[in-house]
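Chains as they are written, first to last, in the working numbering: chain A, 1 to 153; chain B, 1001 to 1153. What follows is a set of notes on a single structure, which appears directly below.
Number of protein chains: 2
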Amino acid sequence: MNNLYGTLNELLVKLFNDILQIEEHSLKDDRFQDLSITEIHVIEAIGIGQERNMSSVARDLDITIGTLTIAINNLLRKQYVNRTRSDEDRRIVLISLTEKGESAYRQHSQFHDEMIKTTISKLSEDEMKVLISALENINSYFKEKYKLKRKYK
Amino acid sequence: MNNLYGTLNELLVKLFNDILQIEEHSLKDDRFQDLSITEIHVIEAIGIGQERNMSSVARDLDITIGTLTIAINNLLRKQYVNRTRSDEDRRIVLISLTEKGESAYRQHSQFHDEMIKTTISKLSEDEMKVLISALENINSYFKEKYKLKRKYK
DNA sequence: TAAAATGGTTTGAATTTCAAAGTTTTGTTG
DNA sequence: CAACAAAACTTTGAAATTCAAACCATTTTA
């Protein structure tokens, strides 16, 4: 095992093991202290300026609709989301972010922005292209592995 | 916001949001189907060929000792770990991996190996160096942010 | 040697999650 | 068009994970 390989291995493992934890820690100092990391992910998935139905958001998050219902109940109580029924099809539940929800969305996206600015601040444009293609490799590797599994679900 | 920046942002966010989930899915096809992602992390933290005490492992995982006790109880029942008391200091509990535990450790580390081999297979040495330095930037950014928080714990 | 500190375990409660059962609305079919 | 099936959710009950706080031994210290 050559040295670069070992370094890369260590870096990726560390990064992937730590990332959610650290994200959560960083959350605790935020303005929105009543949000868990789970709830932030729901808010991220709903997105800004649109109404979405339960099924599609649940699919994006890869959780069951029942689980999402519970999360939305809580976010509703804390006033981060709106929930209404569609007029065209009364079965469909539409959820969207409130003003407060959109603020939380923006605040959290700053976390990512900061991370990325730090990362690229020392890279040339060529280096950035290398980084992007490497990450695309990782991503497509996972996509493929992941889809393979989902078939058998 | 220029295009490379946006691409990078999207890639990193996706990667970090998906990674644990995917890791868990990939686990389900493994030989060790009775292990949760949490338990795999405990096994990773204990490591191969050594006895460790509860405190140090809990610190590495950033969980409380009480939480680790419960995890170890389960892993003990499933025969992935050994637990004994130290002879020098009877307060100290020493945990280590059984043969089965070490097998699981190795199996899981293959997951990371595969990921990394896929990633670097298309990169030249120079490109690998760029990738490593970028990841080091991210890592040190988090380290710093993380330590800052821990002070106030 | 009594009190304090250290290293773990246990307990009770909260959160997150899922599968399965139940509800309401829409679509289909004989 | 009546009845049955399907779709979109919600509710319920149970399991897993986690923490803080109380508790129990053992060791250190004053």
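Cβ atoms here follow ideal geometry from the backbone N, Cα and C, with glycine treated the same way. Just so you know, these numbers come straight off a predicted model, no measurement behind them.
With a cut-off of 8 Å on the beta carbons, I'd call residue i and residue j a contact; round off their distance for me.
i	j	result
residue 1082 of chain B	residue 1096 of chain B	5 Å
residue 123 of chain A	residue 1134 of chain B	6 Å
residue 1138 of chain B	residue 119 of chain A	5 Å
residue 112 of chain A	residue 1004 of chain B	With 8 Å as the limit, residue 112 of chain A and residue 1004 of chain B do not qualify as a contact, their Cβ atoms being about 15 Å apart.
Within its chain, find whatever has a CB closer than 7 Å to the CB of residue i; leave out the 5 residues flanking it on each side and keep chain order.
i	result
residue 1055 of chain B	1065
residue 1048 of chain B	1097, 1102, 1105
residue 1063 of chain B	none
residue 90 of chain A	none
residue 84 of chain A	94
residue 117 of chain A	none
Taking Cβ-Cβ distances shorter than 9 Å, what residues in chain A pair up with residue i?
i	result
residue 1120 of chain B	4, 5, 8, 134, 137
residue 1123 of chain B	130, 133, 134, 137
Against residue i, what residues of chain B qualify as contacts under a CB-to-CB distance less than 7 Å, listed in chain order?
i	result
residue 15 of chain A	1135, 1138, 1139
List, in chain order, every chain B residue whose beta-carbon is nearer than 8 Å to that of residue i.
i	result
residue 128 of chain A	1004, 1008
residue 116 of chain A	1005, 1008, 1009, 1012
Skipping 5 residues on each side, what residues in its chain have a beta carbon closer than 6 Å to that of residue i?
i	result
residue 1078 of chain B	1034
residue 1071 of chain B	1042
residue 136 of chain A	none
Of all Cβ atoms in chain A, is any one closer than 8 Å to the Cβ of residue i?
i	result
residue 1108 of chain B	no
residue 1066 of chain B	no
In chain order, what residues of the same chain have a beta carbon less than 8 Å from the beta carbon of residue i, not counting five sequence neighbours either side?
i	result
residue 1075 of chain B	1039, 1042, 1043, 1081, 1101
residue 68 of chain A	42, 54, 57, 58, 61
residue 1015 of chain B	none
residue 1115 of chain B	none
- Count the CB pairs spanning the region 123 to 130 of chain A and the region 87 to 96 of chain A that are closer than 8 Å, and state whether there are at least three. no
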